[in-house]
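Our numbering puts the first residue of the sequence shown at 847, with every later residue one more than the last. Data first, discussion second: the structure below is written as structure tokens.
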Amino acid sequence: MAQARTPRSLEASTSCPVEDIVAAYLTMTAGDPALALRCAVTDALADLLEAERRTRERSRLIAKGRLGRRLDHA
847 MAQARTPRSL EASTSCPVED IVAAYLTMTA GDPALALRCA VTDALADLLE AERRTRERSR
907 LIAKGRLGRR LDHA
């Protein structure tokens, strides 16, 4: 059976944010890569849904003409 490789970020700190994120999720999940992946995907989807919600809210405000007036007075 093949053994899982240890990510480089766990062996030595790198400047790559992806490696830092991977290391953080693996630490949070006690080294369980499947759980770390599920957590990362869940967080990414939550962030995406929040960004979409904000975009819809901005579009709604622009359609009602409120955002433009707010920006003029800022």
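We put the CB at the ideal spot given by N, CA and C, even for glycine.
Residue i vs residue j beta-carbon contact at 8 angstroms
| i | j | result |
| --- | --- | --- |
| A882 | L872 | yes |
Contacts around residue i, its chain only, beta-carbon distance under 7 angstroms, and the 5 residues preceding and following it disregarded
| i | result |
| --- | --- |
| K910 | none |
Reduced DSSP secondary structure (H/G/I, E/B, other) of residue i
| i | result |
| --- | --- |
| A876 | coil |
| C885 | helix |
Contact set for residue i: own chain, Cβ-Cβ below 8 angstroms, skip 5 residues either direction
| i | result |
| --- | --- |
| T875 | L881, A882, C885 |
Status (buried if at least 16 other CB within 10 Å, exposed otherwise) for residue i
| i | result |
| --- | --- |
| V868 | buried |
Chain-order list of residues whose beta-carbon lies under 6 angstroms from that of residue i (same chain, five-residue window excluded)
| i | result |
| --- | --- |
| A897 | none |
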